[in-house]
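Encoded as structure tokens, the structure appears first; notes follow it.
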Amino acid sequence: MGRRAAKITASYIRNHPYASLGFATGGTMKTYFAELVREHKQYGLDLSAVRATFNLDEYYPMKSDDIHSYHWEMYHCLFDHVNIDKRNIHILDGSTDNPKVQCDEFEKEIKLHGGIDLQVLGIGRPPYPHIGFNERGSSFDSPTRLVELTEETRKANARFFDYKIDKVPTHALTMGLATIMEAQNILVLACGQIKADSARLAFEDPITEEVPASILQMHPNVTVVADKDAASKLEMLSLALLH
Ligand code: GLP
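Shown next as structure tokens:
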């Protein structure tokens with residue numbers, strides 16, 4: 001799954017070397033980033049002209065040099081191993097004193113760089129799968145903002161914090177649903193049995209703000225890359241196996 005998604009991304013970048021890219025983090029992205037690094041190192045994928053990258057979310061509060069930060073994860077898993085110009089990287093700053101200003105500036109930067117051409121997304125767990133950190137009930141009009149994480153999300157992510165939920169931050173900064181929907185193309189990655197219900201809820205069940213990921217059904221250019229487990233409850237299995 002990671003390789004397939006990396007191939008799609010690499011082919012997009014080869015056709016659009018100046019693209020603006022949106023990246024996600026989390027367990028699902030690990031093999032994807034490793035494969036993207038391989039595309040660069042083994043197959044000569046050149047990312048030097050990429051005009052900007054924007055990351056979906058960051059914990060709050062969180063220092064960027066903390067090994068639990070998405071900032072650290074992005075550099076460790078991808079940015080330190082490819083030739084993206086570091087000046088073009090945009091990651092929300094989880095140590096800001098003023099989240100509102102930080103989020104508004106992030107939105108401005110996206111616009112200033114001509115929007116996001118390809119946004120990569122993971123998907124949260126059922127029964128209310130999120131995208132970014134847009135939790136259950138997030139408005140479909142929501143911009144980039146500070147949000148409170150649900151107990152379920154903190155539990156799910158405790159595995160990255162020595163399995164101690166108390167260590168998982170209570171809040172996060174996240175790209176909004178409206179912001180995500182403005183991306184020209186969206187690439188969603190899903191793997192594992194745990195995401196089977198998430199995929200069905202997101203792509204086939206009714207569209208509702210209760211299920212933030214269901215907003216993707218209204219986007220004109222979404223590609224889903226899922227492994228067999230994650231795709232196992234989709235009626236339109238071809239949707240997940242294509243591309
Ligand atoms: C996390 C992140 C998302 C991520 C999703 C899936 O909480 N905020 O950006 O895509 O949930 O994470 P994972 O791949 O670890 O299941």
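Count the sequence shown with the numbering used here and you get residues 1 to 243, in order.
Glycine included, every Cβ here is placed at the ideal spot set by N, Cα and C.
Beta-carbon proximity list for residue i, same chain, < 6 Å, skipping 5 on both sides
| i | result |
| --- | --- |
| residue 17 | 49 |
| residue 207 | 214, 217 |
| residue 243 | Model confidence at residue 243 stands at a pLDDT of 49, short of 50, so the residue's coordinates are unreliable and nothing is read from them. |
| residue 244 | With the chain represented from 1 up to 243, any question about residue 244 goes unanswered, as that position is not in the structure. |
| residue 78 | 33 |
Reduced DSSP secondary structure (H/G/I, E/B, other) of residue i
| i | result |
| --- | --- |
| residue 194 | helix |
| residue 88 | helix |
| residue 127 | coil |
| residue 166 | helix |
| residue 172 | strand |
| residue 104 | helix |
| residue 160 | helix |
| residue 184 | coil |
C-alpha gap between residue i and residue j, whole angstroms
| i | j | result |
| --- | --- | --- |
| residue 120 | residue 28 | 11 Å |
| residue 70 | residue 200 | 27 Å |
| residue 34 | residue 152 | 28 Å |
| residue 172 | residue 187 | 22 Å |
| residue 219 | residue 203 | 11 Å |
| residue 170 | residue 60 | 7 Å |
| residue 149 | residue 189 | 21 Å |
Sequence-distant residues of the same chain with beta carbon closer than 8 Å to residue i, five excluded per side
| i | result |
| --- | --- |
| residue 249 | As displayed, the chain neither begins before 1 nor continues past 243, which places residue 249 out of reach and without an answer. |
| residue 115 | 20, 182, 183, 184 |
Evaluate the contact criterion for the segment 184-200 versus the segment 97-110: three or more CB pairs, one atom per stretch, below 8 Å.
Fewer than three pairs of CB atoms, one per stretch, sit closer than 8 Å, so the segment 184-200 makes no contact with the segment 97-110.
Whether or not the segment 89-98 and the segment 55-74 are in contact is what I'm after, with contact meaning three or more pairs of Cβ atoms, one per stretch, closer than 8 Å; do they touch?
The segment 55-74, when compared against the segment 89-98, does touch it at the 8 Å Cβ threshold.
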